[in-house]
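In UniProt numbering, the protein residues as written are 1 to 595.
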Amino acid sequence: MRTSTGRRVGTVGLIVALTCGVTACSVIPTGGKPISVGNPRKGNPLGDPYARVIAVPPSADWSPEEVVTGFRAAMASVDDPGRDVARKYLTDTFAREWNPQSGVTVYKQDGKQDEYEKAPPVQTDAKQTRVTLKGTVTAMIDQDGRYWPKGGSLNEPFTLVKGAQGWRISAAPEGLMLSEADVDRAYLKVDLYFLDSAWKGLVADQVRVPIDPTSNFAKTAVERLLKGPSSLLKKAVNSAFRPGTKLIDVTTENNRVVVDLTKPVDSDRIAPMSAQLAGTLAELTKGGWGFEVRVEGKLYYSDSLLAIDAQQHADFDPWTAPRDVYPYYLADGALQMLGKENVGQPVQGRAGEKDGTRTRPAISGQGQVAALSADGTKVSVAPLAPGGEWQDWVTGDSLTPPSWDRYDTLWTVNRPNGHSSVVVRRDGRQQYQVWAPDLNAVHVTSLKVARDGVHVAVVVKNGTEEEVKIGTVVGQGDGTRITDLQSVVDGDGNQTIKDIAWKDGKTLYVLTGKSDLLEASVAAEPKTLASDSRIESITALDGSLLAGAQDDNGNRQVLYWNRTSAKWEPMVKDEKGTVLFSEKDGPSSPAYPLG
């Protein structure tokens, strides 16, 4: 029966086509002669080809398993966004109850196992039966489009009843159930860009947007941008667009992407609006296309157009694509900046003098360094300028290494008696606590604020295990709080975490106790990049990843990750080009600003 089911539904329930281009047609393999189908999709110079799963209605002679398989295929059809064909697989009552917009369960199946739970053969006169889908849950996609990695077994029952038209589904899991391949075909990954609380920086909101075959990718992305941020960021970010602004169309003209809106923004918000658009469409316009914004088909200004450079987001917020930013490191207790030719020079002020009493430096975006005292009870700050003196900013019982946010606020965690209290301070103000109830009763070993000032990563210890969570910073001043903490690297046995470092506002590097380097985010499963027992600490900035290392002989060195060779290679040299390393005072603890 399994063989028959797979063959029949493969020709009538899982019809897949590849849309090949702007004016190309789709070829549907149906088991017989290929059939050419006109591509209804509009011109899309910004979009990639996409695979189409074309839904077909059920047949009266299909078995229960075939009906469930056909229903799964119909749920994956982007050409039927209302899921009208999918509802034909349901009883009239259940068709009215089923809500495909309530979220998506993403799963995968082991090719060596049956996709359905084995059950006794269905009797000829049976009027009701059950088919159970087996597999592994890998993620959830909520109504906002947030992709939440998630584990667990898939064991979902579908109840079917037999009527005059054959088997129909009378009960099924809520929402859509899509395989990982279905999601790759049916959803577009989009980084929506919104504005921080100060209206000066950009914050990425990683979402999945259903592909609309009658539209283009740019239009789909901008329409989702105008709907506003997802629930995780709703209280933490702003948008320059006026409430109620709609998108009329996105077209191309004279090597520009033309965005036509129903409302203009206020004059003082044109720059942030331009940055939002350029950032959101950056991945789709890598060829150098610029932008133009119109209102109801007319010029944005009465006498001139509103042109936007393709890199407007980088000009508005330099941390989205930082340039000419140099790393720092410690050598014999003195802070040095790594300059041209990878040669280090001591920084100005007291921080550049040899001092073995401070560790784990963190560099602000405005030329200050914070460091943790050797006994972990103080975090001191010094300006990187002539005459810059160390000042104790935060004191506590047991503090985590410091972290800066983009607003020159210093962050650390005090851990008295096994509890954790997030503490922040800005120059000239007293230290105060951040409201973070999810962290109060656990032991935090590390906290790092991302360069967007909104995302925050923490390492939490629970018994012998440590896990990494990413949350959201909401509010300002003494009203600041950390919310929506989500685990991105789960505790695994006796796993420990050596260090964490933000690549940007979306991606976090995690160094485990086994010296495995992972790449993690709230929108994807963590993946392993490398493993090297020498690595002790990490720092990152966009495409650059550095590590503090110590070899078997105790020699210390700063390494960089060579993406071409996929190897760690030594970085710090002297004036003669000789690689520097030393057992006692060798380079260690590399740190990028806001890293």
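Glycine included, C-beta positions come from ideal geometry on N, C-alpha and C.
Below 8 Å on the Cβ atoms is my contact criterion, and I expect residue i with residue j to pass it. Report the Cβ-Cβ distance as a whole number of Å.
i, j, result
"Val459", "Ile497", "5 Å"
"Asp408", "Arg426", "6 Å"
"Val237", "Asp196", "6 Å"
"Leu410", "Val379", "7 Å"
"Lys134", "Tyr116", "6 Å"
"Thr377", "Thr395", "6 Å"
"Lys246", "Leu226", "7 Å"
Is the beta carbon of residue j closer than 8 Å to that of residue i?
i, j, result
"Asp397", "Arg415", "yes"
"Val468", "Ala520", "yes"
"Thr132", "Ser153", "no"
"Thr262", "Glu292", "no"
"Gly367", "Ala385", "yes"
"Ile538", "Asp499", "yes"
"Asp114", "Val207", "no"
"Asp191", "Ala204", "yes"
"Ala370", "Asp317", "no"
"Ala334", "Thr357", "no"
"Gly471", "Arg406", "no"
"Asn494", "Glu465", "yes"
"Trp404", "Leu594", "yes"
"Val488", "Val522", "yes"
Express the C-alpha separation of residue j and residue i in angstroms, rounding to a whole number.
i, j, result
"Phe94", "Gly513", "51 Å"
"Asp84", "Ala307", "41 Å"
"Arg224", "Phe217", "11 Å"
"Leu447", "Leu545", "19 Å"
"Asp455", "Tyr301", "Reading off the sequence, residue 455 comes out as His, not Asp. Those two C-alpha atoms are separated by around 36 Å."
"Asp585", "Lys354", "10 Å"
"Val161", "Glu65", "12 Å"
"Gly387", "Met337", "17 Å"
"Ala282", "Ala310", "7 Å"
"Ile270", "Arg242", "11 Å"
"Leu90", "Tyr560", "57 Å"
"residue 600", "Thr320", "Given a span of 1 to 595 for the chain in the structure shown, any question on residue 600 remains unanswerable."
"Ile211", "Val434", "40 Å"
"Glu156", "Val68", "11 Å"
"Arg72", "Lys461", "41 Å"
"Leu399", "Pro361", "13 Å"
"Gln486", "Pro437", "14 Å"
"Ser36", "Thr285", "Confidence at Ser36 is low in this model, with a pLDDT of 32, below 50, so its placement is unreliable and no value can be given for it."
"Leu517", "Asp142", "29 Å"
"Gly543", "Tyr509", "12 Å"
"Val209", "Val222", "11 Å"
"Pro590", "Ala450", "17 Å"
"Pro264", "Pro570", "52 Å"
"Ser304", "Arg294", "11 Å"
"Ser230", "Ala457", "19 Å"
"Arg481", "Asp332", "37 Å"
Could you pull out every residue in the same chain whose Cβ sits closer than 6 Å to the Cβ of residue i, ignoring the five residues on either side in sequence?
i, result
"Gly279", "Tyr193, Leu202 and His313"
"Asp80", "Ala55"
"Ser588", "Leu330, Gly548 and Arg556"
"Asp551", "Arg534"
"Glu525", "Pro149"
"Ser421", "Asn414 and Gln433"
"Tyr592", "Pro327, Thr539 and Leu541"
"Val381", "Gln368, Ala370, Gln391 and Trp393"
"Phe158", "Val68, Val131, Ile169 and Ala172"
"Thr359", "Leu372"
Counting only the same chain and skipping the five closest in sequence on each side, list residues whose C-beta sits under 7 Å from that of residue i.
i, result
"Gly339", "Tyr326 and Gln345"
"Ala139", "Val106, Tyr147, Trp148, Pro149 and Lys150"
"Gly288", "Ala310"
"Asp490", "Glu467"
"Arg350", "Ala382, Gly388, Glu389 and Trp390"
Given residue i, which residues of its chain have a CB within under 8 Å of its CB, disregarding the five upstream and five downstream residues?
i, result
"Asp110", "Gly135 and Thr136"
"residue 677", "Since the displayed the chain opens at 1 and closes at 595, residue 677 lies outside it and no answer follows."
"Leu233", "Phe194, Val203, Asp205, Val454 and Thr472"
"Gly290", "Asn255, Arg256, Val257, Ala307, Ile308, Asp309 and Ala310"
The stretch 73-83 touching the stretch 168-183, judged by at least three CB pairs closer than 8 Å: yes
Sufficient close CB pairs (3 or more, under 8 Å) joining the stretch 499-516 to the stretch 471-478: no
contact_flag[the stretch 167-178, the stretch 98-106] where n(CB pairs < 8 Å) is 3 or more: yes
Segment contact flag, the stretch 252-261 with the stretch 162-171, C-beta cutoff 8 Å, min 3 pairs: no
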